[in-house]
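Below is one structure, written out as structure tokens; the observations come after it.
Residue numbers (the UniProt record's numbering): 1 to 678.
Right under this line is the structure:
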């Protein structure tokens with residue numbers, strides 16, 4: 001047999017399978033058909049392939065394979081004659097006889113039980129994917145043999161080969177087979193999972209920390225639950241292996257019940273040590289979510305809240321606060337649990353002791369929903385917070401406090417002006433900070449306070465912050481080099497690192513300018529009185545200057561601010577915008593990939609064109625045409641976004657139909673678009 005991968009008639013699959021298993025070449029005589037075969041090639045006999053049941057683990061996993069199949073030269077012959085392609089065909093073709101796929105898997109398991117070169121040959125033959133598929137879908141006997149082949153790869157394979165297995169989804173089916181009634185199969189799967197976990201641990205150590213990603217995948221596949229159940233299995237080998245794996249990769253979960261029990265002890269001397277240990281456990285990245293859920297399910301949250309009231313033990317208060325902060329900073333369900341357990345009024349009280357953990361918890365609660373935000377405000381959270389915004393506050397505390405303040409002022413519906421107007425007086429001082437995190441948080445808060453109605457916008461204008469926003473647009477901020485390590489723009493985490501290399505200062509200036517433009521865009525969405533305040537503060541020239549040169553994230557908010565000003569501004573105010581050169585950069589932004597930004601620019605240009613009407617010709621239409629704006633608007637007629645198409649057609653028909661006759665579609669296709677300022 002010169003090439004076992006050659007096309008083989010279906011009725012000869014059994015013979016070729018035998019040749020693969022025995023490592024025979026094509027010149028060897030074919031095996032005689034078994035009794036009852038009626039002259040057809042028989043499915044290979046199971047004789048000599050029973051399970052080897054010696055006393056040790058190795059014996060349980062080994063097979064009494066024929067001598068030929070275990071001979072290195074024969075295995076080499078199978079690979080050299082390209083028989084792996086034939087085996088692949090057997091795995092992927094539908095057969096009525098279960099034993100064909102089963103024996104194919106068994107041959108592959110023999111090959112993968114040896115050196116890495118042979119394992120790589122199996123990988124190169126694309127056999128792993130169908131093996132994993134069979135572990136999901138095939139009959140039990142086939143699943144078991146496929147699992148054995150996969151497990152053998154994990155035992156003798158390289159780290160990259162094992163990572164390849166994981167990438168092709170082997171973890172979940174291995175975990176699923178842990179409930180198999182056959183102890184041999186369970187041991188095989190445990191062995192495979194353990195080998196995979198070892199690679200995950202090595203990868204974690206190579207990254208100098210973090211989590212064992214494969215342990216997390218095992219947990220996600222509900223494998224950890226199954227391994228825990230195997231801890232009490234009647235088979236001693238399985239018990240021992242399951243216990244070893246739990247101790248090696250999930251030790252925290254093993255220790256957790258005792259720690260929680262100590263928190264509930266009648267001995268007060270045990271409370272602090274137990275709380276410290278649990279707080280450390282909650283901080284571990286490995287199995288983070290599962291540990292938190294275990295702590296929550298065992299009723300530790302109400303106990304921690306009880307510890308918050310222990311004014312006689314400030315250290316216990318602090319540790320309980322940190323533990324609750326970790327729990328509350330995850331999913332909204334966990335945050336709600338902390339709030340519903342009565343933590344909010346106690347944490348508001350703890351703000352008097354300048355507790356950063358209390359700030360983080362209150363920020364997390366307010367971040368969940370407007371209802372939970374109002375819960376914090378109704379318990380006096382804002383007043384207690386504002387007391388922390390003074391010249392004696394540390395930079396670290398100031399960062400957390402300003403982030404928390406932004407969450408108090410955010411959400412839809414917005415809090416009433418009466419609820420948050422006290423924040424404006426504090427922002428007048430905070431906005432002059434030279435710390436990037438504080439500035440970004442302050443700008444975010446101003447944007448929140450400027451939303452929804454003119455009274456709120458007018459209050460922001462009267463607070464006197466606009467001149468400082470101009471400074472931020474021009475210079476960013478004079479940021480101390482020692483403060484260039486962290487910047488929090490998006491969420492309640494203790495400073496998300498922005499790359500702090502020689503470009504770090506530019507990164508932080510970008511964050512500040514985005515925040516300033518965002519706040520200005522909100523104010524410019526108000527009435528003409530607020531728009532005039534923006535004009536009087538000399539902000540418009542700065543925005544126009546940024547539009548063609550800044551990074552896109554800055555440009556889109558600058559364009560939004562200009563567009564908002566055209567929506568609510570008077571004719572004279574819009575003429576002022578045009579005189580400052582806003583038309584060309586708005587036209588240039590029409591080719592950006594962000595549909596909402598394109599929409600704002602179209603609305604801004606439409607508002608400008610409307611002011612240009614009234615004479616013999618529309619001078620602003622000519623400026624747009626000269627800025628290549630007409631060409632860009634015309635191309636937007638075929639944009640993927642329907643609203644953009646409709647708006648572009650409307651503008652073209654309204655202001656260029658006569659001059660560009662024949663270039664427009666019929667008037668029936670144009671629809672009115674509504675302007676939307678935010």
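Where a beta carbon is used, it is the ideal one built from N, C-alpha and C, also for glycine.
Query: Just to confirm my understanding: we take residue 191, look at its own chain, exclude 5 residues before and 5 after, and list those with CB closer than 6 Å. What are they?; Result: 151
Query: Could you compute how far the alpha carbon of residue 189 sits from the alpha carbon of residue 92?; Result: 23 Å
Query: Quick check for students: name the residue ranges of the alpha helix (DSSP H) that lie wholly in the region 156–199, counting only runs of 4 or more.; Result: 159–167, 171–176
Query: Under 8 Å by Cβ, that's how I've got residue 290 and residue 219 pegged, so tell me the actual separation to the nearest angstrom.; Result: 6 Å
Query: Classify residue 283: buried if its beta carbon has 16 or more other beta carbons within 10 angstroms, exposed otherwise.; Result: exposed
Query: Please name the residue, chosen from 612, 617, 591, 281, that lies closest to residue 628 on a Cα-to-Cα basis.; Result: 591
Query: Taking Cβ positions, are residue 337 and residue 365 nearer each other than 8 Å?; Result: no
Query: Assign residue 93 to one of three DSSP states: helix, strand, or coil.; Result: coil
Query: If you compare alpha carbons, which of 158, 156, 117, 185 is closest to residue 146?; Result: 185
Query: With distances taken Cα to Cα, identify the nearest neighbour of residue 604 among 257, 586, 265.; Result: 586
Query: To test your reading of the DSSP string, which unbroken beta strand (DSSP E) runs of 3 or more residues are found completely within the region 409–454?; Result: none
Query: Buried or exposed: where does residue 226 fall if 16 or more other Cβ atoms within 10 Å of its Cβ makes it buried?; Result: buried
Query: Taking the C-alpha atoms as reference points, what is the distance between residue 169 and residue 583?; Result: 54 Å
Query: Residue 42 by DSSP, collapsed to three states: which one?; Result: With a pLDDT of 29 at residue 42, under the threshold of 50, the modelled position of this residue cannot be trusted, and the question is left open.
Query: With distances taken between CB atoms, is the gap from residue 566 to residue 554 smaller than 8 Å?; Result: no
Query: Any contact between the region 316–323 and the region 342–356? By contact I mean 3 or more CB pairs, one from each, below 8 Å.; Result: yes
Query: Mind reading off the beta-carbon distance from residue 149 to residue 112? Whole number of angstroms is fine, and I expect it under 8 Å.; Result: 5 Å
Query: Output the distance between the C-alpha atoms of residue 681 and residue 215, rounded to the nearest integer angstrom.; Result: As shown, the chain starts at 1 and ends at 678. That puts residue 681 outside it, with no answer to give.
Query: Taking the alpha carbon of residue 166 as the reference point, which residue from 141, 195, 305, 187 has its own alpha carbon closest?; Result: 195
Query: Distance, Cα to Cα, residue 679 vs residue 399?; Result: Nothing can be reported for residue 679: it is not among the residues displayed for the chain, which extend from 1 to 678.
Query: Within 10 angstroms of its Cβ, does residue 391 collect 16 or more other Cβ (buried), or is it exposed?; Result: exposed
Query: Are the Cβ atoms of residue 85 and residue 121 separated by less than 8 Å?; Result: no
Query: Count the other C-beta atoms from every protein chain shown that fall within 10 angstroms of the C-beta of residue 130, then say buried if there are 16 or more, exposed otherwise.; Result: buried
Query: Mapping DSSP to helix, strand and coil, what is residue 488?; Result: Caution is warranted here: a pLDDT of 33 is assigned to residue 488, below 50, making its placement in the model unreliable, and no coordinate value can be reported.
Query: Pair every Cβ in the region 403–417 with every Cβ in the region 443–455, then say whether three or more of these pairs are closer than 8 Å.; Result: yes
Query: Work out the CA separation of residue 652 and residue 579 for me, nearest whole Å.; Result: 23 Å
Query: Return the residue from the list 512, 655, 177, 88 that minimises the CA-CA distance to residue 434.; Result: 512
Query: Could you say which of 204, 367, 359, 370 lies nearest to residue 387 if we only look at CA atoms?; Result: 359
Query: With respect to the alpha helix (DSSP H) encompassing residue 222, which residues constitute its N-terminal and C-terminal limits?; Result: Where residue 222 is concerned, there is no enclosing alpha helix (DSSP H), given that its DSSP letter is neither H nor E.
Query: For the ligand ATP, I want to know if residue 89 counts as a neighbour, meaning its beta carbon is within less than 7 Å of at least one of the ligand's heavy atoms.; Result: Although the ligand ATP was asked about, the structure shown includes no ligands whatsoever.
Query: For residue 465, does the three-state DSSP call read helix, strand or coil?; Result: coil
Query: Considering only residues of the same chain and omitting the five flanking positions on each side of residue 144, which have a CB-CB separation below 6 Å?; Result: 185
Query: Please state the DSSP three-state secondary structure of residue 580.; Result: coil
Query: In terms of residues, what are the limits of the alpha helix (DSSP H) holding residue 589?; Result: Run containing residue 589: none; DSSP gives neither H nor E here.
Query: Shortest alpha-carbon distance to residue 349 belongs to which of 368, 341, 376?; Result: 376
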